[in-house]
Amino acid sequence: MSKNNFYFSHDGNARNDEKLLSVRVNMGAEGYGIYFMIIEKLLESGEYTLIKDYNVIVFDLRVGSDKIKAVVENFGLFQFTEDVKRFYSESLLRRMKPLDNLRKQRSEAGKKSAENRKANDRSTSVIIWLFC
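Have a look at this one:
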């Protein structure tokens, strides 16, 4: 399970965002919930994109394909790749970028630390062996 599954930044007043307000006016709280469940699925994907196969999303979320299609296509909340086979959220990408960069920095620092420890272990082993 990816670490991305555990967290994403979310504005405390997201319900008042112009686009999400339009979702709520047209689809009610159900549309709002569908939006955030799709965001969670994007997060789980690891690449922050989903295949434009609404039937897969329908099966997972247990709502009609017409509702999934409406949330994805009608409110400007999601963008499509050039080949229109996948979709993503610019907002999610923007929110995840700092966290992904931090995770990458920590990973690189951890690898460097492990390499340094390994190098120090080797030099210590050689010194001990020479004195035995």
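Numbering follows full-length UniProt numbering, with no gaps: position 76 of the sequence shown is 76. The beta-carbon is built from N, C-alpha and C at its ideal position, and this holds for glycine as well. Since the structure is predicted, the reported quantities are computational estimates derived from the model, not experimental observations.
Assigned exposure category for residue 84 - 16 Cβ within 10 Å defines buried: exposed
Residues near residue 24 in its chain [Cβ-Cβ closer than 7 Å; skip 5 each side]: 15, 31 and 32
Buried or exposed by the 16-neighbour rule on C-beta atoms within 10 Å, applied to residue 51: exposed
Neighbourhood of residue 21 by C-beta, 8 Å cutoff - its chain only, sequence neighbours within 5 removed: 15
Rounded straight-line distance, which links the Cα of residue 114 to that of residue 94: 31 Å
Cα-Cα separation between residue 88 and residue 48, rounded to whole angstroms: 6 Å
Complete alpha helix (DSSP H) runs within the segment 36 to 72 (minimum length 4 residues, chain order): 54 to 61
Buried/exposed call for residue 71, threshold 16 Cβ in 10 Å: buried
Buried or exposed by the 16-neighbour rule on C-beta atoms within 10 Å, applied to residue 91: buried
Residue burial classification, residue 78 (beta-carbon count within 10 angstroms, cutoff 16): buried
Unbroken beta strand (DSSP E) run spanning residue 86, endpoints: 86 to 88
Same chain, Cβ closer than 6 Å to residue 37, five either side skipped, listed in chain order: 61
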